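Visitor: Position in the sequence shown counted from 1, then plus 769, gives you the working numbering. Cβ atoms here follow ideal geometry from the backbone N, Cα and C, with glycine treated the same way. All of these numbers come straight from a predicted model, not from anything done at the bench. The following block contains the structure, expressed as structure tokens.
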Amino acid sequence: PSRPPVGRALEPHEVEALLRAFDAWPTWEVGMALRLCLALGLRAGEALALRWEDVDLEAGVLHVRRAWTAMGGRGVLTEPKTPSSRRSIPIPHATLARLRARYQELLELGIPPEELRLAWVFPGRTGGPLNPHTLGHALRKMTTRLGLPPIRVHDLRHTYGSLLLANGAPLELVAERMGHANPSITLGIYRHLLAHERAAWVVDPEELTSRPRGQA
């Protein structure tokens, strides 16, 4: 089968507009699930399958342990895409603050902590997580309202990987965070970006020989 397009990295103004839209979305679950795809590079199914026990609010780490995928018109819990998709990802400060606030709200509603630990972070109406198609529908509405070109949920994940590499993260680290089976997959997806970044690494021997002796 042909490989689907890997996606595009969003422009800074698109990221800024979407983050505001995520916070303003009427349902917290949808806005936060989309934020996790952008801020942690989660696949949509990985985000939707999270239980509160997978989110270490003290350490600020999120654990990917399962996926929620569409099969036969309904959601089904599955193993992560590959063994390496089981991973732990540090949660950025702004996203962690929102998760902590939500957890506290749920506790204040009277949900016992031991029950809350096993609850879905993004519950749907039928006892399981949100419908797998919910995020894509919401994102299309957001981009239309914002006047942005079409953006897929996978583009949020792709943007996370691109931002890591653009900020100097080693290829092996990016592969680990993205849950790729090996760095060669990451290299194949981000080859163009890496070529652009590597072009900036120039060593000029003239500069080395022109330095005063003893200068590092």
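Looking at the secondary structure, which residues open and close the alpha helix (DSSP H) in which Trp797 lies?
Guide: Along the sequence shown, one-based indexing puts residue 797 at 28. Trp797 to Leu809 is the span of the alpha helix (DSSP H), which, as asked, contains Trp797.
Visitor: Enumerated in chain order, which unbroken segments of the alpha helix (DSSP H) with a length of 4 residues or greater are wholly contained in the segment 926-957?
Guide: If we require 4 residues or more, the alpha helix (DSSP H) runs fully inside the segment 926-957 come out as 940-947.
Visitor: Could you check what DSSP says for Val757 in three-state terms: helix, strand or coil?
Guide: Nothing about residue 757 can be read from this structure; the chain reaches only from 770 to 985.
Visitor: Would you call the segment 810-829 and the segment 913-929 touching, i.e. three or more CB-CB distances under 8 Å?
Guide: Judged by Cβ distances under 8 Å, the segment 810-829 makes contact with the segment 913-929, as three or more pairs qualify.
Visitor: Ignore the nearest five residues each way along the sequence and tell me which others in Gly937's own chain have a CB closer than 7 Å to its CB.
Guide: The residue you call residue 937 lines up with position 168 of the sequence shown. Contacts found: none.
Visitor: Within the continuous beta strand (DSSP E) that includes His832, where are the two ends?
Guide: Working through the sequence shown from its first residue, we reach residue 832 at position 63. Looking at the DSSP string, the run of the beta strand (DSSP E) that includes His832 is Val830 to Val833.
Visitor: Between Glu884 and His961, what straight-line distance do the alpha-carbon atoms span, to the nearest angstrom?
Guide: Translated into positions along the sequence shown, residue 884 becomes position 115. Translated into positions along the sequence shown, residue 961 becomes position 192. Spanning the two alpha carbons is a distance of roughly 46 Å.
Visitor: Taking all protein chains shown into account, do 16 or more other C-beta atoms lie within 10 angstroms of the C-beta of Val845, making it buried, or fewer, making it exposed?
Guide: In the sequence shown, counting from the first residue as 1, residue 845 sits at position 76. That one is exposed.
Visitor: Just grab the DSSP bridge partners of Val824 for me.
Guide: As a first step, residue 824 must be located in the sequence shown, where it is residue number 55. Paired residue(s): Leu831.
Visitor: Which of the three DSSP states, helix, strand or coil, is assigned to Ser853?
Guide: Looking up residue 853 in the sequence shown gives position 84. Helix at Ser853.
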